[in-house]
Amino acid sequence: MGSCVFIYFIAFFYPPLFSIGNIIFGIVSLLVLADYFFIFYAKRPIVATRKISSRLSNGEDNLVQLVVENKLSFTIHLEVIDELPLQIQERNMLMKRTLQAKETNIIKYNISPVERGNYSFGNVIIYLTSLLGLVQRRQKIDSEEVVSVYPAFSQLGRYALIAQATTNEYGSKRMRKIGQSMEFEQIKEYVTGDDVRTINWKATARKGSIMINNYTDEKSQQVYCVVDKGRLMKMPFNGLSLLDYAINATLALTNICLQKQDKIGLISFAERIGSIVAADRKPIQREKIMQVLYKEQTAFLESDYEMLYMQVRNKIKQRSLLILFTNFESLNGLKRQVSYLRSIAKHHLLLVVFFENTELTKLSNAAALNIEDVYVKTIADKLAYEKRMLIKELHQFGIIAIQSAPQNLTVNTINKYLELKGKQMI
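Quick note on our numbering: the sequence shown kicks off at 582 and runs consecutively.
Put into structure tokens, the structure is as follows:
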């Protein structure tokens, strides 16, 4: 077409070239018409469907598949745009493919949501051209659907192996078990090597031979995950809030507790009490807790620990393990709440899990190249030291506490739960 324009320009000064320009223009016009006919004669040249799970896992990679089928009898070039949810904030989703005649292709990509809630996918937009590339056709395929993003349930299988044996993070170190379980299982005849302290004298008298009580690991212990939804839990880390990390850890711990046949429950709170799920060990308990966690949102007020203490005393009558996911940034902030934590610890085994400020750690480990860097490094060291003092403050009151980086929160919490269970402290 550019050559045709150039020839017409020259033909203005040399008229015999007009006929050549007309021939070229006619050929180009015929090619455009032919390309238009081949691209537009079919009503639906492309068939595409989106395959995605109805539930997505928050903070994890989730697979999305587009199955694209070429209904035409010749090769075409495609530019595919999938209209992603607004929460993904992706504006350059353009995928190019070339399909042979009657060929089907699967386009795969991953999305990583960082918020819980409903995600609305739009339509699939396809621009197709033939090998000539003179005409482009836009085809919109109705594919609107809404999927829900739940707490990171995809990681449950990753930690399932930890529940089979008490291990460390890498699954290689068995932890020593202390004490003797006292949950009765059965009465059996004495054999050499059995503990004589477990002889059942009444059964021995009736049977005429020595009978002993057989015990098994204690089960059905109550565990409650207490999730703080206060303003400090809104702090972000790698796109997720600290509340989301706590929720993901709670869901993973729920799965581990159910495998260990413990009863697991949930309490959420901020300036007022949130959701309460009574401890149970039925298989449906995980789904129930997931549905509750799906709706939890951060509040922007100070958390009320006095109200939490009153609710715990009122709702939980049996001694239980309470795993409190919260965050304290200063020693003064902890001292304002420590009296309530001590009151809870008098009646239950309390494990406080709070977050390490990884940015402070980076600043503390950074090299100081000038006076300003020395100042920043000194302040970071002071704040990091104050964070470490939080654990000592809780330990002196007999409260178990661990500090964890957000990305390691789940595995550290599970390991601590298994350690407490192995020591029979619950």
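The C-beta atom is built at its ideal place from N, Cα and C for all residues, glycine as well.
Selected residue, minimal CA-CA separation from Tyr708, among Ile904, Leu659, Glu664 and Asn691: Checked all of Ile904, Leu659, Glu664 and Asn691; the closest Cα to Tyr708 is Leu659.
Alpha carbon of Gly774 to alpha carbon of Thr991, nearest angstrom: Just so you know, the alpha carbons of Gly774 and Thr991 end up roughly 41 Å apart.
Whether Leu1036 touches Ala682 by CB criterion (8 Å): Because residue 1036 is not part of the residues shown, which for the chain are 582 to 1007, the question remains open.
N-terminal and C-terminal residue of the beta strand (DSSP E) that Glu887 is part of: Note, Glu887: premise wrong, no beta strand (DSSP E); alpha helix (DSSP H) at Tyr886 to Lys896.
Endpoints, beta strand (DSSP E) assigned at Arg636: From DSSP, the beta strand (DSSP E) with Arg636 extends over Arg636 to Ser638.
Bridge-paired residues (DSSP) for Phe906: Partner(s): Val808 and Val934.
Where the beta strand (DSSP E) through Lys677 begins and ends: Looking at the DSSP string, the run of the beta strand (DSSP E) that includes Lys677 is Met676 to Leu680.
Buried/exposed call for Lys844, threshold 16 Cβ in 10 Å: Result: buried.
CA nearest to the CA of Gln767, picked from Met792, Arg787, Lys788 and Ala786: That would be Met792, whose Cα lies nearest to the Cα of Gln767.
Contacts around Ser753, its chain only, beta-carbon distance under 8 Å, and the 5 residues preceding and following it disregarded: Any reading at Ser753 must be qualified, since the residue scores a pLDDT of 41, below 50, and its modelled position is unreliable; the value itself is stated next. Close CB contacts of Ser753 within its chain, under the 8 Å cut and outside five residues either way in sequence, are absent.
Beta-carbon proximity check, Met814 vs Asn908, cutoff 8 Å: Between Met814 and Asn908, the gap from beta carbon to beta carbon is short of 8 Å.
Touch test, the stretch 728-735 against the stretch 635-644, Cβ-Cβ under 8 Å, three pairs minimum: Three or more Cβ pairs closer than 8 Å define a contact, and the stretch 728-735 meets that threshold against the stretch 635-644.
Range of the contiguous beta strand (DSSP E) that encloses Thr773: First-last for Thr773: undefined, no H or E at that position.
Segment limits, alpha helix (DSSP H) that includes Ser584: Ser584 -> alpha helix (DSSP H) spans Gly583 to Ala592.
Proximity of Ala949 and Val955 at Cβ, strictly below 8 Å: In contact: Ala949 and Val955 (Cβ atoms closer than 8 Å).
8 Å Cβ shell around Ala982 - same chain, five flanking residues per side excluded: Hits under 8 Å: Leu932, Val933, Val934, Phe935, Leu971, Ile972, Leu975 and His976.
Sequence-distant residues of its chain with Cβ nearer than 8 Å to Ala926 (five each side left out): These residues qualify, in order along the chain: Phe978, Gly979 and Ile980.
Separation of Ser801 from Val893, as counted between CA atoms: Those two C-alpha atoms are separated by around 19 Å.
Residues sharing a beta bridge with Asn795, DSSP: In the DSSP output, where bridge partners are listed per residue, Asn795 has Gln767.
Limits of the alpha helix (DSSP H) - the one that Gln555 falls within: Past the edges of the chain, shown from 582 to 1007, lies residue 555, and the structure says nothing about it.
Option in Phe881, Asn836 and Tyr771 with minimal Cα separation from Met816: Taking only the C-alpha atoms, the option nearest Met816 is Phe881.
Counted within 10 angstroms of its Cβ, other Cβ atoms place Arg625 as buried (16 or more) or exposed: By the C-beta density criterion, Arg625 is exposed, having fewer than 16 other C-beta atoms within 10 angstroms.
8 Å Cβ shell around Leu665 - same chain, five flanking residues per side excluded: Within the same chain, Cβ atoms closer than 8 Å to the Cβ of Leu665 are found at Glu671, Met674, Ile692, Phe702 and Gly703, the five residues on either side in sequence being excluded.
Whole-angstrom C-beta distance between Leu832 and Phe734, which should lie under 8 Å: Rounded, the Cβ-Cβ distance is 6 Å, consistent with contact.
Counterpart residues of Leu629 in DSSP-defined beta bridges: It is worth fixing the name first, because residue 629 is Ala in this sequence and not Leu. As a beta-bridge residue in DSSP terms, Ala629 pairs with Val649.
Nearest-angstrom beta carbon gap, Ile857 and Ile848 [assumed within contact, 8 Å]: Cβ-Cβ separation between Ile848 and Ile857: approximately 5 Å, consistent with a contact (criterion under 8 Å).
Start and end residues, beta strand (DSSP E) containing Gly855: Per DSSP, Gly855 belongs to the beta strand (DSSP E) from Ile854 to Asp861.
Limits of the unbroken alpha helix (DSSP H) element including Tyr921: Counting along the chain, the alpha helix (DSSP H) containing Tyr921 begins and ends at Leu912 to His928.
First and last residue of the uninterrupted beta strand (DSSP E) at Gln717: If you look at Gln717, you'll find it in the beta strand (DSSP E) that goes Gln717 to Ile722.
Cβ pair Phe850, Lys810 closer than 8 Å: A contact, by the Cβ cut-off of 8 Å.
Cutoff 6 Å; reference Leu903; Cβ partners in own chain excluding five residues on either side: Hits under 6 Å: Tyr805, Val807, His929 and Leu931.
6 Å CB neighbourhood of Met676 in its chain, flanking five on each side removed: By the criterion of a C-beta distance shorter than 6 Å, Met676 is surrounded in its chain by Val661 and Ile688, once the five residues flanking it on both sides are discounted.
Beta-carbon contacts of Glu883 that lie in its chain and below 8 Å, excluding the five residues immediately before and after: Correct list, in chain order: Gly811, Arg812 and Glu852.
Boundaries of the beta strand (DSSP E) in which Lys1004 is found, first to last residue: Taken as a continuous stretch (DSSP letters only), Lys1004 belongs to no beta strand (DSSP E), as it is neither H nor E.
Whole-number beta carbon distance between Asn781 and Arg697, since they are thought to touch under 8 Å: Contact flag wrong, Cβ pair sits at about 53 Å.
Distance, Gln842 Cα to Val772 Cα: C-alpha separation (whole angstroms): 29 Å.
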